[in-house]
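Take a look at the structure set out below.
In the working numbering, the protein residues as written are -16 to 135.
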């Protein structure tokens, strides 16, 4: 049974492995800005009264726990699963808990995975996500924020 979404007051922005290295890890691929800069961009885009809770982990279990938290608090999610995109069925199942509860979950990627190595072309998350935005750098997150605010 899906519940009605309350007015959005917070958005969880969750980032998977190696995204703590933004700005220094392959900047020609991922850009020169770090996670702190991403937080500043999203906070600047968020309307008054909407908080951005930006988190990053290299730990799959922690990321799954954060998705459980989103279900319990009915908080929309912007998720960059990073490498977990391609093989984490545990993360996929946790993402499905979010969307099956009627809570928006937008999968984002800084780059377009389909223009990269073949193994990056498959996402186990996309099939349960509300939507997917990829290939626009930090603007992928900005577009996702617009969508979760519309859904809320």
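Note that CB positions come from ideal geometry on N, CA and C, so glycine has one too.
Everything numeric in this text was worked out from a predicted model, so none of it was measured.
Give the C-beta separation of residue i and residue j to the nearest angstrom, bearing in mind that I take them to be a contact with Cβ-Cβ under 8 angstroms.
i, j, result
"residue 73", "residue 45", "Wrong, their Cβ atoms sit about 12 angstroms apart, outside the cutoff."
"residue 35", "residue -6", "6 angstroms"
"residue 58", "residue 33", "Residue 58 to residue 33, Cβ: 11 angstroms. No contact."
"residue 126", "residue 119", "7 angstroms"
"residue 62", "residue 90", "6 angstroms"
Indicate the three-state DSSP secondary structure (helix, strand or coil) for residue i in the structure shown.
i, result
"residue 4", "helix"
"residue -16", "Its pLDDT being 40, under 50, residue -16 is placed unreliably by the model, and the measurement read from it follows with that caveat. Reduced to three states, the DSSP call for residue -16 is coil."
"residue 27", "helix"
"residue 34", "strand"
"residue -6", "strand"
"residue 16", "coil"
Leaving out five residues on either side along the sequence, give the residues of the same chain with a beta carbon under 8 angstroms from the beta carbon of residue i.
i, result
"residue 82", "88, 111, 112 and 113"
"residue 65", "-2, -1, 0, 1 and 2"
"residue 55", "none"
"residue 15", "6"
Only counting the same chain, and skipping five residues up and downstream in sequence, which positions put a Cβ closer than 6 angstroms to that of residue i?
i, result
"residue 53", "-5, 60 and 81"
"residue 106", "68"
"residue 121", "21 and 24"
"residue 41", "0"
"residue 134", "87"
Less than 7 angstroms between C-beta atoms, sequence neighbours within five positions excluded: which residues of the same chain meet that for residue i?
i, result
"residue 109", "90 and 115"
### Task
Kindly provide the ranges of any alpha helix (DSSP H) runs that are 4 or more residues long and lie completely inside the segment 44 to 114, ordered along the chain.
72 to 83
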